[in-house]
Amino acid sequence: MSASSRWTTRGALAVTLALAAGQAPAGSFECLMEAWQVVEIRSPAEGLIDTVFVQRGDTVRKGQPVVELLSAVERSAVESARYRANMEGPVAQSRNRLDYASKKLARANELAQQNFTSAEVRDQADAERRIAESELQAANENRELAKIEHRHAQDLLNLRTMVSPFNGVVVDRLLNPGDLAESGTGRKPVLKIAQIDPLRVDVVFPASLFGQLKPGMKATVVPASIGGRHVATVKIVDKVIDAASGTFVARLELANPGNALPGGLRCQAEFESLAAPVGAARGATR
């Protein structure tokens, strides 16, 4: 939905709610309780789905694996890279060659001091030692490179497992084991997960109250249908007034421990320090 159509829809709903809320007490405004955020879980890599660990309605924790793709090839690559990263042979071989070349150079220097060998032999021994040093350095560098390749292979394997980005609930499951998970924008997601602790409470206020709403203010939220009274805190107040409806939006945060309250409920937000002007538009949307 475009920004202009969103503002138009909000304005129309604000007027409708104002007419429906004629009996609301002063300082009470229509509102809507929604999930704090909803994300679509898509695969960062293309592949067949091996396992979906959750069902619709399940509670998930941040970092919990929720989907796994087939990953036999990637696991083999990780094992191969791990083996190369832990190989001791090339480094040990180069170190032994350097020890031998160093001893050979020491003997050549001793013999040269006693005039028992030529400078050419000593220079050759020195060159062999320097070559052995370079070979040992190369062996160490190759081992470090193998460790980097191992981490890279592990990162590619990790892409085959999708995890929940926050504590929340599964609101929809769109793909199943055996389906092809595709990467990229516009591709079908595997899951939809909503964060409902805290809940987001959107309230639309008349322009005449602009400047009276401040972040940190408290309100009592009364959900429709299920009742109860819950304290919410103003987090964001719009800096722009919608000219079509003469309203602005404030967003409240409502703690929801244990996911006791559902999202999607209409509600009343009561502000002790505010009085709604007669006929003013009251409502919530976005």
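Under the working numbering, the first residue of the sequence shown carries the number 18, and numbering increases by one thereafter. Glycine included, every Cβ here is placed at the ideal spot set by N, Cα and C. Because the structure is a prediction, the values reported are computed rather than measured.
(message) Alpha carbons only, please: which of Thr264, Ala286, Lys205 and Ile258 is nearest the one belonging to Gln271?
(response) Taking the first residue of the sequence shown as 1, we reach residue 271 at position 254. Reading off the sequence shown, one finds Leu at residue 271, where the question assumed Gln. Taking only the C-alpha atoms, the option nearest Leu271 is Ala286.
(message) Quick check on this structure: which residue in Ser262, Asn273 and Leu65 has the alpha carbon closest to the alpha carbon of Gly245?
(response) On the sequence shown, position 228 is the one that residue 245 refers to. Cα-wise, what sits closest to Gly245 is Asn273.
(request) For the segment 73–85 and the segment 182–194, state whether three or more C-beta atom pairs, one from each stretch, are separated by less than 8 Å. (result) yes
(request) Would you kindly report the start and end of the unbroken beta strand (DSSP E) that includes Asp189? (result) Looking up residue 189 in the sequence shown gives position 172. It spans Gly185 to Arg190 - the beta strand (DSSP E) in which Asp189 sits, taken as one unbroken run.
(request) Ignoring anything shorter than 4 residues or poking outside the segment 121–187, list the alpha helix (DSSP H) runs there in chain order. (result) 136–175
(request) Please list, in chain order, all residues of the same chain as Asn206 whose beta carbon is under 8 Å from its beta carbon, the five residues on each side excluded. (result) Taking the first residue of the sequence shown as 1, we reach residue 206 at position 189. The sequence shown places Pro at residue 206, not Asn. So the list reads Glu57, Ile58, Arg59, Leu191 and Leu192, once near-sequence residues are dropped.
(message) According to DSSP, simplified to helix, strand and coil, what is Arg283?
(response) Position 266 of the sequence shown, counted from the first residue, corresponds to residue 283. Strand, per DSSP.
(message) Helix, strand or coil for Val90? Go by DSSP, reduced to three states.
(response) The sequence position of residue 90 within the sequence shown is 73, counting from 1. Of the three classes helix, strand and coil, the one that applies to Val90 here is helix, per DSSP.
(message) Relative to the C-alpha of Ser181, which candidate in Met50, Phe70, Asp219 and Gly64 has its C-alpha closest?
(response) Mapped onto the sequence shown, residue 181 falls at position 164. Minimum Cα distance to Ser181 is reached at Phe70.
(request) Evaluate contact between the segment 108–118 and the segment 218–231, counting only Cβ atoms and requiring at least three cross-stretch pairs below 8 Å. (result) no
(request) Decide if Gln40 is buried, meaning its Cβ has at least 16 other Cβ atoms within 10 Å, or exposed. (result) The residue given as residue 40 occupies position 23 in the sequence shown. Note that Gln40 scores 44 on pLDDT, short of 50, meaning its location in the model is unreliable; the coordinates nonetheless yield the value given after this. That one is exposed.
(request) May I ask which residues mark the beginning and end of the beta strand (DSSP E) holding Ala267? (result) For the purposes of this step, residue 267 is taken as residue 250 along the sequence shown, with counting starting at 1. First-last of the beta strand (DSSP E) with Ala267: Thr264 to Leu271.
(message) Can you give me the C-alpha to C-alpha distance between Glu150 and Ala144, rounded to a whole angstrom?
(response) The residue labelled residue 150 in the question sits at position 133 within the sequence shown. The residue labelled residue 144 in the question sits at position 127 within the sequence shown. Glu150 and Ala144: Cα-Cα distance of roughly 10 Å.
(request) State buried or exposed for Phe288, treating a residue as buried only when at least 16 other CB atoms are found within 10 Å of its CB. (result) Along the sequence shown, one-based indexing puts residue 288 at 271. The residue in question, Phe288, is buried, as its Cβ has 16 or more Cβ neighbours within 10 Å.
(request) Verify whether the separation of the beta carbon atoms of Gly281 and Glu47 is less than 9 Å. (result) Against the sequence shown, residue 281 aligns to sequence position 264. Against the sequence shown, residue 47 aligns to sequence position 30. No; because the gap between Cβ atoms is not below 9 Å, this pair is not in contact.
(message) Arg101 and Glu158 - do their beta-carbons sit closer together than 9 Å?
(response) Position 141 of the sequence shown, counting from 1, holds the residue named residue 158. Position 84 of the sequence shown, counting from 1, holds the residue named residue 101. Taking 9 Å as the Cβ cut-off, Glu158 and Arg101 do not qualify as a contacting pair.
(message) Let me check understanding here. Comparing Cα to Cα, which of Ser135, Pro223, Arg99 and Pro107 lies closest to Ala261?
(response) Locating residue 261 in the sequence shown gives position 244, where the first residue counts as 1. Answer by Cα proximity: Pro223.
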